[in-house]
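Contents: one structure, followed by commentary.
Residue numbers (UniProt numbering): 1 to 731.
So this is what it looks like as structure tokens:
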């Protein structure tokens with residue numbers, strides 16, 4: 001190594017040893033990273049990870065004049081950053097002498113005399129415990145080789161064990177092995193000289209490591225299979241498609257073999273059903289008119305029972321679903337008897353005891369969409385693991401959101417994997433603007449602009465338009481990229497795509513059959529409609545004669561000798577106007593959506609992602625807001641009464657009996673008036689405290705609520721605080 005002079009090749013200690021034959025240069029990565037007189041002045045692909053070769057030569061010459069205070073040889077490139085300390089040393093020498101190197105921010109180094117130490121209280125016993133990584137004993141001493149967890153009282157580690165753990169887990173999975181805390185734990189370990197590489201975990205990088213998990217069970221297990229092609233036959237989008245058990249996934253059935261009309265119906269195998277029945281969580285549904293055993297085409301068919309039905313909802317107190325809806329976490333509490341009721345005795349929110357068939361179908365549809373959106377949230381959280389702590393700041397003008405966003409996304413330093421921070425340039429009080437609130441507001445404005453931009457056409461379900469100037473400026477790519485980044489970084493769901501556009505993106509345009517509703521141009525749609533509904537050959541030929549230029553432009557000008565020819569003609573016209581005409585914009589848009597792996601996940605889970613691309617977000621309800629928050633409480637707080645006031649207030653807001661809205665409440669706590677597709681990070685929580693006014697902590701997404709004697713006091717305080725706070729922010 002040109003910096004430390006050693007030939008050792010030990011990546012765990014000194015970093016990767018790299019040799020560049022063309023420059024006649026060999027260097028340890030950590031030696032280069034910690035050297036005091038060199039900075040990354042190039043891009044990541046220039047020189048050695050951004051360190052320019054000429055800068056490395058200068059650093060070698062500088063270090064050649066400095067003597068190491070440990071080995072007494074020249075070439076000491078690292079200096080202690082403590083004021084007035086003039087000690088210099090090689091990286092390997094510093095490790096031997098127990099110096100500390102901080103692999104963060106300015107990459108500081110501290111000598112053995114000035115290194116940071118962990119503080120222990122005198123009350124902590126000086127005894128020994130197990131290292132939770134290697135399980136050998138570690139003494140509770142304030143020494144270099146021992147580190148204590150900042151988040152757990154009795155978690156102690158060997159430094160060497162922690163370093164190996166960090167190198168293996170990487171920045172996304174390195175956390176306290178006892179309590180799973182990540183942020184606080186990593187911050188302390190970086191301060192104490194543990195190197196946490198910015199890469200995925202080693203077990204995630206292993207090729208085909210989880211290949212076995214990708215195998216889907218494809219076998220019909222019902223007692224009497226009706227499929228003539230065998231139990232292993234599976235034909236998607238038909239009655240012979242195999243549906244897996246929603247509980248275990250290790251048993252299956254053809255849809256027809258269990259009398260299921262659609263894939264959306266849930267199904268449990270007999271083993272899981274018996275387990276649920278024994279646990280009391282399974283409520284038998286009334287059998288339909290169809291008997292359990294019946295003859296179909298002369299073959300006896302043993303039908304599986306349909307999925308369980310929810311318990312009948314109570315139409316009692318409007319706040320009666322309090323005991324089930326909030327996610328409650330009792331800390332240091334004695335067991336809460338009201339939380340231990342059997343599932344059948346719990347009551348849920350019921351807005352209308354009697355529902356019409358139409359309302360019931362809408363309710364089922366909304367429930368189905370909610371389930372799909374929860375799955376999308378989990379998938380996007382996996383993609384969000386790519387986002388690094390390094391930030392990219394965007395200066396946005398809200399009055400010209402598109403141009404300023406385009407400029408920010410096209411700047412050289414922008415990376416989709418960096419954490420995005422937003423500054424609104426037309427904000428008078430920039431220093432007091434909340435980062436998360438600004439980012440949420442930016443993505444909301446951006447998605448609204450895209451929906452109404454010239455890049456899309458149509459009324460509700462929009463398709464891509466053909467804008468040659470936009471193609472020339474590569475704006476379709478940028479639009480796709482912005483939507484992908486918005487989804488992963490906490491923006492709102494688009495919700496305005498037509499189903500045909502969505503299918504073109506996930507399945508490819510060659511596999512999509514467009515409909516007349518997909519034609520956005522009114523004149524074109526009317527012309528195609530006239531051809532489609534011509535009732536005789538003469539009227540059809542007359543219509544074609546009137547629009548021959550239109551047909552020629554679409555490449556569909558041809559002789560028609562029979563009325564049935566119109567069907568092929570209409571299909572060709574639709575394919576041209578909806579798909580072929582926008583081939584260039586569509587391909588460019590698809591490339592943009594590949595950012596952060598979003599398009600790949602869309603193609604893997606099309607049914608799930610259609611819920612956020614093709615359907616508008618569900619309007620906030622009291623139940624939705626309630627389910628967002630986890631309620632924390634301590635032993636000196638009447639949790640039930642506080643939560644009861646909170647739920648009653650949400651219902652008053654939803655019914656219009658308040659000066660604030662549910663969106664205002666969400667904005668007050670999180671800085672966002674919508675629920676991001678990727679969910680909130682951290683998840684919103686509620687604390688009941690002995691305070692005078694509610695506090696919305698947007699950094700932690702935590703709502704601190706006051707404890708009041710009456711509900712009216714609670715409501716008055718909530719409305720006063722939320723209204724005044726948001727009013728000041730808007731001003």
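Glycine residues also receive a C-beta, built at the ideal position from the N, C-alpha and C atoms.
DSSP state of residue i mapped onto helix, strand, coil
i: residue 495; result: coil
i: residue 582; result: helix
i: residue 387; result: coil
i: residue 25; result: strand
i: residue 507; result: helix
i: residue 563; result: coil
i: residue 571; result: helix
i: residue 632; result: strand
i: residue 550; result: helix
i: residue 20; result: strand
i: residue 146; result: strand
i: residue 51; result: strand
i: residue 342; result: Low local confidence applies: a pLDDT of 35 at residue 342 is under 50, so the model's placement there is unreliable, with the coordinate-based value given in what follows. Residue 342: coil per DSSP, three-state reduction.
i: residue 244; result: strand
Chain-order list of residues whose beta-carbon lies under 7 Å from that of residue i (same chain, five-residue window excluded)
i: residue 98; result: 112 and 144
i: residue 298; result: Note that residue 298 scores 39 on pLDDT, short of 50, meaning its location in the model is unreliable and no value can be drawn from it.
i: residue 711; result: 645 and 648
i: residue 524; result: 577
i: residue 575; result: 514
i: residue 391; result: 418, 419 and 421
i: residue 725; result: 668
i: residue 34; result: 78, 91, 101, 107 and 109
i: residue 115; result: 99 and 100
Close Cβ partners of residue i (< 6 Å) along its chain, the five nearest in sequence each way excluded
i: residue 395; result: 423 and 425
i: residue 691; result: 706
i: residue 66; result: 76 and 88
i: residue 601; result: 379
i: residue 499; result: 614
i: residue 532; result: 570
i: residue 149; result: 155 and 176
Whole-angstrom distance between residue j and residue i, CA atom to CA atom
i: residue 63; j: residue 506; result: 56 Å
i: residue 132; j: residue 147; result: 12 Å
i: residue 2; j: residue 60; result: 7 Å
i: residue 255; j: residue 239; result: 5 Å
i: residue 202; j: residue 164; result: 11 Å
i: residue 228; j: residue 242; result: 14 Å
i: residue 191; j: residue 273; result: 52 Å
i: residue 415; j: residue 52; result: 21 Å
i: residue 166; j: residue 194; result: 8 Å
i: residue 384; j: residue 419; result: 10 Å
i: residue 514; j: residue 493; result: 24 Å
i: residue 723; j: residue 595; result: 39 Å
i: residue 587; j: residue 230; result: 41 Å
i: residue 665; j: residue 372; result: 25 Å
i: residue 590; j: residue 527; result: 30 Å
i: residue 541; j: residue 405; result: 51 Å
i: residue 698; j: residue 720; result: 19 Å
i: residue 441; j: residue 701; result: 16 Å
i: residue 23; j: residue 370; result: 58 Å
i: residue 7; j: residue 18; result: 11 Å
i: residue 340; j: residue 105; result: Unreliable positioning characterises residue 340 in this predicted model, as indicated by a pLDDT of 34, which lies under 50. The coordinate reading is nonetheless provided below. Going from the Cα of residue 340 to the Cα of residue 105 covers about 49 Å.
Where the alpha helix (DSSP H) containing residue i begins and where it ends
i: residue 161; result: 159 to 173
i: residue 488; result: 475 to 489
i: residue 626; result: 622 to 628
i: residue 424; result: Segment 419 to 424 is the beta strand (DSSP E) holding residue 424; no alpha helix (DSSP H) there.
i: residue 252; result: Unbroken run through residue 252 is the beta strand (DSSP E), 252 to 254; no alpha helix (DSSP H).
i: residue 719; result: 711 to 730
i: residue 204; result: 202 to 205
i: residue 407; result: 401 to 410
i: residue 534; result: Here residue 534 belongs to no alpha helix (DSSP H), and DSSP marks it neither H nor E.
First through last residue of the beta strand (DSSP E) which encompasses residue i
i: residue 94; result: Careful: residue 94 lies outside any beta strand (DSSP E), inside the alpha helix (DSSP H) at 91 to 96.
i: residue 138; result: 137 to 139
i: residue 128; result: 128 to 130
Proximal residues to residue i (C-beta, below 8 Å), its chain only, five neighbours per side dropped
i: residue 186; result: 171, 174, 175 and 196
i: residue 511; result: 503
i: residue 138; result: 128, 129, 130, 131, 146, 156, 157 and 158
Chain B within 8 Å of residue i, Cβ atoms only
i: residue 721; result: Structure shown: chain B not included; a single protein chain is present.
Residue ranges of each alpha helix (DSSP H) within the segment 637 to 706, 4 or longer: 639 to 654 and 662 to 670
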